[in-house]
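When you number the sequence shown by this note's numbering, it's gap-free, plus one each residue, and the end is 422.
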Amino acid sequence: MQIFLITIFTLLSAISFLLFLYKYKFFPLWLMLSVWFVAIAISQLDLSSLEWVWPVKYWALIGVSLVSFALGSWLGERRRPVKRENTKIKNLRWVIYILFLVSCLCLYLFYKKAGNFPLLAPDPDEFRFVADDQVPGLVNYAAQLARIFIPLSFFLMFAETFNWKKHWDLVVLCLLGTAGIILFASRTQIFFIDLWVMALYLLMRRPNLKQALKFYPFFLIVSIVVLSLVPIIRQTRSYGSDYLGTITGIDTSHYNKLQKALVPIYVGVSFNQQALLHAEQYYQTHELQYGKVSLDPFTNIFGKLIRPLNNLKSNYDLGAIFYPWWNTGTYLFPFVQDFGTAAFYFVPFVFGLILTLLWRHWQVNPNFLTINLYAYAIFFIVMGVYVSFTVRAEMYLDLMLLVASYLFVTKKHES
Numbered sequence: 008m009q010i011f012l013i014t015i016f017t018l019l020s021a022i023s024f025l026l027f028l029y030k031y032k033f034f035p036l037w038l039m040l041s042v043w044f045v046a047i048a049i050s051q052l053d054l055s056s057l058e059w060v061w062p063v064k065y066w067a068l069i070g071v072s073l074v075s076f077a078l079g080s081w082l083g084e085r086r087r088p089v090k091r092e093n094t095k096i097k098n099l100r101w102v103i104y105i106l107f108l109v110s111c112l113c114l115y116l117f118y119k120k121a122g123n124f125p126l127l128a129p130d131p132d133e134f135r136f137v138a139d140d141q142v143p144g145l146v147n148y149a150a151q152l153a154r155i156f157i158p159l160s161f162f163l164m165f166a167e168t169f170n171w172k173k174h175w176d177l178v179v180l181c182l183l184g185t186a187g188i189i190l191f192a193s194r195t196q197i198f199f200i201d202l203w204v205m206a207l208y209l210l211m212r213r214p215n216l217k218q219a220l221k222f223y224p225f226f227l228i229v230s231i232v233v234l235s236l237v238p239i240i241r242q243t244r245s246y247g248s249d250y251l252g253t254i255t256g257i258d259t260s261h262y263n264k265l266q267k268a269l270v271p272i273y274v275g276v277s278f279n280q281q282a283l284l285h286a287e288q289y290y291q292t293h294e295l296q297y298g299k300v301s302l303d304p305f306t307n308i309f310g311k312l313i314r315p316l317n318n319l320k321s322n323y324d325l326g327a328i329f330y331p332w333w334n335t336g337t338y339l340f341p342f343v344q345d346f347g348t349a350a351f352y353f354v355p356f357v358f359g360l361i362l363t364l365l366w367r368h369w370q371v372n373p374n375f376l377t378i379n380l381y382a383y384a385i386f387f388i389v390m391g392v393y394v395s396f397t398v399r400a401e402m403y404l405d406l407m408l409l410v411a412s413y414l415f416v417t418k419k420h421e422s
């Protein structure tokens, strides 16, 4: 039965992804189905003794969530945005330079306050928690602005015909930005840049196979090397070489090197599905948060200025739901905390509607803002099985920066 489920859902994932690429013009529903089908397939490997078997109710709720997303997508596809004139982006270079300089300044402030960077610390994971207390959140975020100016640099290069003489400065900034972001030893940040850039190429160039082979292989090779080395260094220095196998109950003694390298991917996908399952069952007997978890990014920031907002902060025992150190959840996780089982019914509908509207706006009016917002949405969809991004303040800051950059570029052009 296990092999049957893995095979069926892997095939469904592959078919959905092909439909996303070739038939339905990058319609978000097919990418969402592809990502969740492969996550379900991976989770059926059941490698850890700590994992719960999925009950029938949980299978039904996952099915309901995907149907709900499909309905929201269908409604969003019915909408017809008004077509507007495209916006030129010749002043985008200045935006990139400004973001780069701000990130350099904040990298210096981060080092001055924390005394090191996570990747270089003796215990990177412990250092990251210490640094979060020592370094103001805005400085911490701005020090990692490479997450924004690298994709914007690629946007500018993709919008024009790439030329080393013309774009050498952007290449240098991207290399420096990559080095800076690696110092924070965050897989999510690196994934973020990777997926955003790859989505930009897909949306702007709409490549055929010949065009795609010019860009994706080299970019993927570099990305995979970075994504492999950074976690290995971070995890080995913090926990030892086989910490995942030890604490997850996965017996890796008979695994070859490739299988051991794939264990973190399995844990990241399967255990976050487990977190969603644990949350659904936990809130059958515990008080729901009623929106407080979703508001955490705002109450955590503004609660320091407006004291009464602290009364709206969420209050729950994450350790009782799941082991908190690996619990990043899925995009549904915080909403299940807020609304319980009902979240599986209405939250995917809302996200399906929003993401499809972004897709529709990009199709009708492909400009700086719509292309980047939908590329950002593609990151959200792909990472929705790995991280509950809506409870991270950086998502809202990213979107504010994108909108502000668009307004700045548009105003300069019109004047």
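We put the CB at the ideal spot given by N, CA and C, even for glycine.
Tell me whether the region 291-304 and the region 359-371 touch, counting them as touching only if at least three CB pairs, one residue from each stretch, are closer than 8 Å.
no
What's the gap between the Cα of Val416 and the Cα of Tyr383?
If you number the sequence shown from 1, residue 416 lands on position 409. If you number the sequence shown from 1, residue 383 lands on position 376. Roughly 19 Å between the two C-alpha positions.
Where Gly70 falls, given that 16 or more other Cβ within 10 Å makes a residue buried
Mapped onto the sequence shown, residue 70 falls at position 63. Label assigned to Gly70: exposed.
Contact belief for Val357 with Gly187 at Cβ below 8 Å, rounded distance in angstroms:
Reading the sequence shown from its first residue, position 350 is the one you call residue 357. Reading the sequence shown from its first residue, position 180 is the one you call residue 187. Going by Cβ atoms, the distance from Val357 to Gly187 rounds to 35 Å, so no, they are not a contact pair.
Are Asn279 and Val392 close, meaning C-beta to C-beta below 9 Å?
Here residue 279 is taken as the residue at index 272 of the sequence shown, counted from 1. Here residue 392 is taken as the residue at index 385 of the sequence shown, counted from 1. The beta carbons of Asn279 and Val392 sit closer together than 9 Å.
Reducing DSSP to helix, strand and coil, say where Ala192 ends up.
Taking the sequence shown and counting its residues from 1, the one referred to as residue 192 is at position 185. In this structure, Ala192 counts as coil in the three-state DSSP scheme.
With C-beta atoms as the reference, is Tyr323 less than 9 Å away from His293?
Here residue 323 corresponds to residue number 316 of the sequence shown, with the count starting at 1. Here residue 293 corresponds to residue number 286 of the sequence shown, with the count starting at 1. It is a contact, given that the beta carbons lie within the stated cut-off.
Note down the Cα distance separating Asp176 from Leu190, rounded to an integer number of angstroms.
Start at 1 with the first residue of the sequence shown, and residue 176 comes out as number 169. Start at 1 with the first residue of the sequence shown, and residue 190 comes out as number 183. Going from the Cα of Asp176 to the Cα of Leu190 covers about 22 Å.
Tell me whether the region 368-388 and the region 201-213 touch, counting them as touching only if at least three CB pairs, one residue from each stretch, are closer than 8 Å.
yes
In whole angstroms, give me the CA-to-CA distance for Arg274 and Ile328.
Along the sequence shown, one-based indexing puts residue 274 at 267. Along the sequence shown, one-based indexing puts residue 328 at 321. Here residue 274 turns out to be Val, not Arg, going by the sequence shown. For Val274 and Ile328, the distance between alpha carbons rounds to 17 Å.
Taking only the alpha-carbon atoms, compute the straight-line gap between Arg85 and Tyr297 and give it to the nearest angstrom.
Here residue 85 corresponds to residue number 78 of the sequence shown, with the count starting at 1. Here residue 297 corresponds to residue number 290 of the sequence shown, with the count starting at 1. Cα-Cα distance, rounded: 31 Å.
Taking buried to mean at least 16 other C-beta atoms within 10 Å of its own C-beta, is Gln344 buried or exposed?
Position 337 of the sequence shown, counted from the first residue, corresponds to residue 344. Gln344 is buried by the Cβ-count criterion.
Rounded to whole angstroms, what is the Cα-Cα separation between Leu126 and Ala192?
Position 119 of the sequence shown, counted from the first residue, corresponds to residue 126. Position 185 of the sequence shown, counted from the first residue, corresponds to residue 192. Rounded to the nearest whole angstrom, the C-alpha separation of Leu126 and Ala192 is 5 Å.
Tell me which same chain residues have a C-beta within less than 8 Å of the C-beta of Lys299, skipping the five on either side of it?
Taking the first residue of the sequence shown as position 1, residue 299 is located at position 292. The residues are Thr306, Leu319, Lys320, Ser321, Asn322 and Asp345.
By Cβ distance below 7 Å, which residues in the same chain neighbour Phe199 in space, the five residues on each side in sequence not counted?
Sequence index remark: in the sequence shown, residue 199 carries index 192 (1-based). If we look at Phe199 and ignore the five residues flanking it on each side, its Cβ neighbours are Arg154 and Phe386.
If I follow the unbroken alpha helix (DSSP H) through Met8, where does it start and stop?
As a working mapping, residue 8 is identified with position 1 in the sequence shown. Boundaries cannot be given for Met8, as no alpha helix (DSSP H) includes it and DSSP labels it neither H nor E.
Using 8 Å for Cβ pairs, my map puts Val237 next to Ile197. What's the rounded Cβ distance?
Here residue 237 refers to the residue found at position 230 when the sequence shown is read from its first residue. Here residue 197 refers to the residue found at position 190 when the sequence shown is read from its first residue. Yes, Val237 and Ile197 are in contact; Cβ-Cβ is about 7 Å, under 8 Å.
From which residue to which residue does the alpha helix (DSSP H) around Asp130 run?
Here residue 130 corresponds to residue number 123 of the sequence shown, with the count starting at 1. Premise fails: Asp130 is in no alpha helix (DSSP H) and is neither H nor E.
Check for me: the alpha helix (DSSP H) holding Leu339 runs from which residue to which?
To locate residue 339, count along the sequence shown from 1; it is residue 332. Unbroken run through Leu339: none, as it is neither H nor E.
For Val45, which option in Ala349, Leu12 and Tyr65 has the closest C-alpha, if you only look at C-alpha atoms?
Counting from 1 along the sequence shown, the entry for residue 45 is found at position 38. Selected option, being the one with the closest Cα: Leu12.
Evaluate Glu485 with the Cβ neighbour count: other Cβ atoms within 10 Å of its Cβ, from every protein chain shown; 16 or more gives buried, anything less gives exposed.
The shown model of the chain, from 8 to 422, leaves out residue 485, and the question about it has no answer.
So what's Glu401 in DSSP terms, helix, strand or just coil?
Position 394 of the sequence shown, counting from 1, holds the residue named residue 401. Looking at Glu401 - three-state DSSP - the assignment turns out to be helix.
Which of the three DSSP states is assigned to Thr259 in this structure?
Along the sequence shown, read from residue 1 onward, the residue named residue 259 stands at position 252. If DSSP states are grouped into helix, strand and coil, Thr259 belongs with coil.
Would you call Phe34 buried or exposed, if buried means 16 or more other Cβ atoms sit within 10 Å of its Cβ?
For the purposes of this step, residue 34 is taken as the residue at position 27 of the sequence shown. By the Cβ neighbour-count rule, Phe34 is buried, with 16 or more other Cβ atoms within 10 Å of its own.
Between which two residues does the alpha helix (DSSP H) harbouring Asp303 extend?
Taking the sequence shown and counting its residues from 1, one reaches residue 303 at position 296. Segment Lys299 to Phe309, the alpha helix (DSSP H) holding Asp303.
Could you have a look at Asp176 and say whether DSSP puts it in helix, strand or coil?
Working through the sequence shown from its first residue, we reach residue 176 at position 169. Three-state result, Asp176: helix.
Which whole runs of the alpha helix (DSSP H) in the region 134-176 are 4 residues long or more, in chain order?
When DSSP assignments are scanned along the region 134-176, the uninterrupted stretches of alpha helix (DSSP H) that are 4 or more residues long and fall wholly within it turn out to be 144-149 and 153-166.
In the DSSP assignment, the alpha helix (DSSP H) including Leu36 goes from what residue to what residue?
Against the sequence shown, residue 36 aligns to sequence position 29. Annotation: the continuous alpha helix (DSSP H) that includes Leu36 extends over Pro35 to Ser50.
Does the region 371-379 come close enough to the region 117-137 to have 3 or more Cβ pairs within less than 8 Å?
The answer is no - the region 117-137 does not touch the region 371-379, with fewer than three Cβ pairs under 8 Å.
Tell me whether the beta-carbon of Phe309 lies closer than 9 Å to the beta-carbon of Ser75.
Counting from 1 along the sequence shown, the entry for residue 309 is found at position 302. Counting from 1 along the sequence shown, the entry for residue 75 is found at position 68. With contacts defined as CB atoms closer than 9 Å, Phe309 and Ser75 fail to qualify as a contacting pair.
Is Thr437 buried or exposed, if buried means 16 or more other CB atoms sit within 10 Å of its CB?
For residue 437 there is no data in the structure shown, the boundaries of the chain being 8 and 422.
Taking the straight line between their C-alpha atoms, what separation do you get for Ser277 and Ile49?
Start at 1 with the first residue of the sequence shown, and residue 277 comes out as number 270. Start at 1 with the first residue of the sequence shown, and residue 49 comes out as number 42. Approximately 7 Å between the Cα atoms of the pair.
Counting along the chain, where does the alpha helix (DSSP H) carrying Ile385 start and finish?
For this step, residue 385 is matched to residue 378 along the sequence shown. Phe375 to Val389 is the span of the alpha helix (DSSP H), which, as asked, contains Ile385.
Is the region 208-219 close to the region 97-110, with three or more CB pairs under 8 Å?
A contact between stretches requires three or more CB pairs, one per stretch, nearer than 8 Å, and the region 208-219 fails this requirement with the region 97-110.
Apart from the five residues on each side of it in sequence, which residues of its chain come closer than 8 Å, Cβ to Cβ, to Leu182?
Translated into the one-based positions of the sequence shown, residue 182 becomes position 175. Closer than 8 Å at the Cβ level, and outside the excluded window around Leu182, lies no residue.
With a threshold of 8 Å, are at least 3 pairs of Cβ atoms found where one atom belongs to the region 217-234 and the other to the region 99-113?
no
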